[in-house]
Ligand code: SF4
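Structure follows, in C-alpha cells:
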C-alpha cells in the first residue's frame, strides 16, 4: 500500500471510536475543490513523503488496546489492488476499520463488505447527478456511483454519505441529492467547504458558496428524508 500520511490520533473521523487515520496515495478523481493535491496529482505525489508499511504496522502493534479503529482515506483507497490484504492485516490486530471512499469502485466495495473487512464506510456524494462529472473533475462514471449508493443502502455495514459544499453547489442540487439517496436508514452530512486551503482547480473558487446559516436551513429542509442529517 502506498501510504502518504498517518494521523496518529483522531477523535472525530470515526464515529464513536478513538482512531488513527491512514492516508493512501493516488486517486482516480480530480475533484476541482480537492485540497489533497499531494495525494492526487502525480507531480505532487512525487514530492510526498511515504510511510513504509512496516513502520505503520509497528505503530499499530504498539497502539493495540489504546486505539479502537483505523480510518483509511486518501486519495482513494479502492484505487489500490492490495487494499483487501492491507485491511485484513489491520483487522487481524483487532482494529475496527472505516473506509472513506469516493464510491467509484462498487465491485471492491461489495467484496470488502461481503468479506467482513469493513466496519464503517463514509462515501462522498460529490454533487447532484447532473453535476457529478464536473465535481469529480470529469472522471466519475455515474452508474458506478449509483451502484455504490445502492450497495451501502442494503445496510450490511455501518455507513454515511457526505457532501462537501464546494463552490457552485446549490441548494437545489442538494435537494435532488436528498431525493436520490434519502431513506430512513441513511445518515447524511453536509460539510462546509474550507476556502482557505489550496485546491486542485482554483477556478472553482470563483463560484459562489452557500453561507453557514443557509446550510443550516438547508439541513432543516432535507432532514426528514434521513435517519440523521447534520451540518459538519
Ligand atoms: S476523490 Fe476527489 S476529493 Fe477525494 S482525494 Fe480524490 S480528487 Fe480529492
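Residue numbers (the numbering used here): 6 to 237. The beta carbon of each residue, even a glycine, is placed where N, CA and C say it ideally should be.
Counting only the Cα atoms, residue 72 lies some 32 Å from residue 47.
According to the DSSP assignment, residue 65 belongs to the alpha helix (DSSP H) that extends over 58-67. Assignment of alpha helix (DSSP H) within the segment 56-136, counting only whole runs of 4 or more residues, yields 58-67, 88-97, 111-119 in chain order.
With contacts defined by Cβ atoms closer than 8 Å, residue 68 and residue 8 do not form a contacting pair. Of 174, 59, 131, 125, the smallest CA-CA separation from residue 76 is found for 125.
With contacts defined by Cβ atoms closer than 8 Å, residue 156 and residue 82 do not form a contacting pair. Listed in chain order, the non-local C-beta contacts of residue 11 below 8 Å within the same chain comprise 25, 26, 27, 28, 56, 61, 64, local neighbours out to five positions each way being set aside. An exposed status is given to residue 213, since fewer than 16 other beta-carbon atoms sit within 10 Å of its beta-carbon. Checking the 7 Å criterion, the Cβ of residue 107 is within range of a heavy atom belonging to the ligand SF4.
Within the chosen limit of 7 Å, the ligand SF4 does not reach the beta carbon of residue 75 with any heavy atom. Runs of the beta strand (DSSP E) lying entirely within the segment 152-212, each at least 3 residues long, are 163-169, 188-196 in chain order. Taking 8 Å as the cut-off, the Cβ atoms of residue 142 and residue 84 do not count as close.
Judged by their CB atoms, residue 215 and residue 183 are not nearer to each other than the 8 Å cut-off. With a cutoff of 8 Å on beta-carbon distance, residue 87 and residue 132 are scored as not near each other.
Around the beta carbon of residue 120, fewer than 16 other beta carbons lie within 10 angstroms, which makes this residue exposed.
In the same chain as residue 193, and ignoring 5 residues on each side of it, the C-beta atoms closer than 6 Å to its own belong to 166, 231, 234, in chain order. When beta bridges are read from the DSSP output, residue 38 appears opposite no residue.
Checking the 7 Å criterion, the Cβ of residue 45 is within range of a heavy atom belonging to the ligand SF4. Rounded to whole angstroms, the gap between the alpha carbons of residue 136 and residue 171 is 12 Å. Residue 173 has its Cβ no nearer than 7 Å to any heavy atom of the ligand SF4.
With a threshold of 7 Å, the Cβ atom of residue 153 does not count as near the ligand SF4, since no heavy atom of the ligand is closer than that.
Residue side-chain check: residue 32 places its Cβ nearer than 7 Å to a non-hydrogen atom of the ligand SF4. In the DSSP annotation of this structure, the continuous segment of the alpha helix (DSSP H) that includes residue 49 starts and ends at 47-50. Annotation: the continuous beta strand (DSSP E) that includes residue 12 extends over 8-15. Per DSSP, residue 218 is one residue of the alpha helix (DSSP H) stretching across 217-227.
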